[in-house]
Each structure stands twice: as structure tokens, then as C-alpha cells.
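Shown next, in C-alpha cells, is the structure this report addresses.
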Amino acid sequence: MSLMERAIDARTSSGGAAFVAYLTVGYPDLATSIEAGRALIDSGVDAIEFGLPYSDPGMDGAIIQRTGQHALDAGTRTRHVMKAVEALAPLGAPILVMTYFNPVFRYGVDAFARDLAAAGGAGLITPDLIPDEAGEWIEAATAHDLDRVFLVAPSSTDERLAMTARACRGFVYAASTMGVTGERTTVDGTAERLVERTRAAGAERVCVGLGVSRAEHAREVGSYADGVIVGSALLRALGDGVSQMAALGAELAEAAHSARS
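Heads up, the sequence shown is in the working numbering, so the first residue is 119 and it goes up one at a time.
Now the structure itself:
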């Protein structure tokens with residue numbers, strides 16, 4: 119099993135779900151985004167998703183768009199994302215990169231996989247890349263022993279769910295609602311049904327993102343999913359300082375970890 123798979127299984131076998139935190143590299147600056155990742159790992163987060171800032175983030179909500187643009191304006195580039203991964207990988211938690219595929223394509227698909235693996239990265243999440251168009255990436259990820267995480271949505275057909283489950287290594291990312299990322303006041307039953315359908319299609323591990331912002335959300339989602347992913351709420355808290363964000367991260371992690379107890 120991969121490092122990410124072992125981290126998820128360790129949590130589910132102990133009566134809960136893994137907690138995965140998303141941070142935008144370069145927000146509010148590179149050093150602080152690395153410090154924030156370290157603080158989250160110290161607070162009990164099981165894995166970090168480092169977001170590569172992108173100029174056309176069509177699937178992201180307001181907070182991730184704003185932090186990404188801030189990072190780009192400050193000069194954050196792909197090499198800085200690799201540096202952030204390299205800084206945190208020795209701490210032992212899986213560090214994945216989440217990015218639209220164009221930066222990977224421009225960097226060079228095999229070169230990106232090579233450099234991410236060399237930095238200690240666990241894998242890549244590609245929200246706008248579908249498995250049937252991902253042959254080059256799947257080959258590169260396999261060659262460099264990286265997880266490859268694709269997304270499913272409530273609109274995905276059973277055939278699409280099965281294809282995605284076969285193509286993923288690490289976990290399948292279940293987008294709990296239709297639309298862009300961001301905090302929501304509730305997480306409805308759509309997410310649970312999607313997890314059930316994705317498992318029935320062959321997925322061994324399914325993590326849920328989009329909308330989770332409070333401990334009660336993390337506890338609810340963690341009761342049926344293998345992992346809970348939070349981004350916007352943590353980035354909003356980071357605007358008030360690393361300690362504020364770490365406190366929220368600890369609260370959300372505890373809720374996910376105890377979700378099935």
C-alpha cells in the first residue's frame with residue numbers, strides 16, 4: 119500500500135476517518151504556508167494537500183481563488199510547490215499536490231512526476247483530468263510510485279465511477295456537491311449516496327471534499343467516508359494567523375478521527 123493508503127486505513131481501523139487539509143502554497147507567503155502545514159501535522163492532520171496556484175481556477179470557490187491569486191501575485195510558481203513538499207515530507211505525513219493539469223503538462227508530465235517523487239511527495243490530485251484522458255499521467259505516476267487521485271461527482275454515471283475507481287491509487291476524491299469548492303452551512307445526503315455508489319463501483323477508499331467547514335460536518339462525513347477533506351475553512355482561519363488555523367485543524371481532525379466511535 120502507498121503512504122496515503124496506510125494513513126487512511128490506520129484511521130478507519132481505529133473507528134474514524136482520516137483528516138486531510140488543503141493549503142494554498144504561497145499564501146500568505148511561502149514560508150508561512152510551510153509553517154501552516156507543519157502546524158496542521160502537529161495538530162493531528164493525517165495528510166496535506168498543497169494547492170498549486172493557478173490563474174484560471176474554474177472549479178474553486180472564492181477563498182481558494184483569492185488565496186491562489188495572492189500567491190501568484192507574490193511570485194509563487196511550481197518550483198515553490200516542490201520546495202514546500204520537500205520541507206514537510208520528512209515529517210512522515212503524506213503530502214499530495216492538488217493542481218489543474220495544465221501546469222503539469224507545461225512542466226513536462228514525466229518531469230513533474232520525477233520531481234514530485236524526488237521531493238518526497240505522495241501523489242497528485244487532478245480535478246480537471248479524467249481517467250480516460252490521463253494515460254500519460256498514469257504511466258508517469260506509476261513509474262515514479264505516486265498516488266493518482268481523480269474526482270467523482272453526484273452526476274457521475276456508474277460506468278464513470280467504476281473507471282475512476284480503477285484508475286485511482288490512494289483514494290477516490292468524492293466532490294460532495296455540484297459546483298465550486300467552498301464552505302457550506304450543511305452537508306446534505308448527496309455525499310453519502312455518492313460514497314456508497316463509488317464503493318459499489320469498486321473503490322476501496324473514498325474521501326469527501328467540498329463544503330466541510332465545521333466539526334459537526336467532519337464528524338458526519340467521517341461516519342461514512344474514509345477521509346474528510348477541508349480547505350476553504352482552514353485558509354479563512356489562516357488569515358487570522360497560523361495558531362488560529364491550527365486550532366481549527368485540531369478540532370476538525372478530532373471530529374473526523376472519532377466519527378465512528
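C-beta: ideal position from N, C-alpha, C; glycine also.
- Counting the other CB atoms within 10 Å of its CB gives glutamate 167 a total of 16 or more, which places it among the buried residues.
- Note: valine 326 is bridge-paired with Ala292, Val346 in the DSSP secondary-structure output.
- From the listed residues Glu153, Asp246, Gly345, the smallest Cα separation to alanine 377 is found for Gly345.
- The residue from Val330, Ser161, Val143, Ala128 with its alpha-carbon nearest to that of glutamine 362 is Ser161.
- By the neighbour-count definition (other C-beta atoms within 10 Å, threshold 16), threonine 196 is a buried residue.
- For phenylalanine 168, the three-state secondary structure derived from DSSP is strand.
- Under the 10 Å beta carbon count, glutamate 338 is surrounded by 16 or more other beta carbons and is classified as buried.
- In the three-state scheme derived from DSSP, where H, G and I count as helix and E and B as strand, alanine 280 is classed as helix.
- Residue environment analysis places methionine 119 among the exposed positions, since fewer than 16 neighbouring C-beta atoms fall within 10 angstroms of its C-beta.
- The continuous beta strand (DSSP E) containing tyrosine 140 extends over residues 136 to 142.
- Annotation: the continuous beta strand (DSSP E) that includes leucine 242 extends over 241 to 243.
- Segment contact: the region 201 to 209 against the region 143 to 155, three or more CB-CB distances shorter than 8 Å; contact assigned.
- Secondary structure note for isoleucine 181: its alpha helix (DSSP H) is the uninterrupted segment 180 to 191.
- Each residue's CA atom was taken as its position, placing phenylalanine 219 and leucine 170 some 10 Å apart.
- Apart from the 5 residues on each side of it in sequence, glutamate 369 sits with its Cβ closer than 6 Å to the Cβ of Ala333 in its chain, given in chain order.
- Contact fails between the region 271 to 282 and the region 251 to 259, because fewer than three Cβ pairs, one in each stretch, are under 8 Å apart.
- If you check the CB distance, alanine 165 and alanine 211 come in under 8 Å.
- When the Cα atoms are used, alanine 258 and proline 146 turn out to be separated by approximately 32 Å.
- Beta-bridge analysis with DSSP links leucine 269 to Tyr291.
- Annotation for leucine 234: the continuous alpha helix (DSSP H) segment containing it runs 227 to 236.
- The region 260 to 268 and the region 225 to 233 touch, with three or more beta-carbon pairs separated by less than 8 Å.
- Beta-bridge partners assigned by DSSP to methionine 216: Gly169, Ile243.
- With a contact defined as Cβ atoms closer than 8 Å, alanine 373 and glycine 340 qualify at about 7 Å.
- Distance between histidine 198 and threonine 316, taken at the CA atoms: about 34 Å.
- Going by DSSP, glycine 253 is part of the alpha helix (DSSP H) stretching over 253 to 261.
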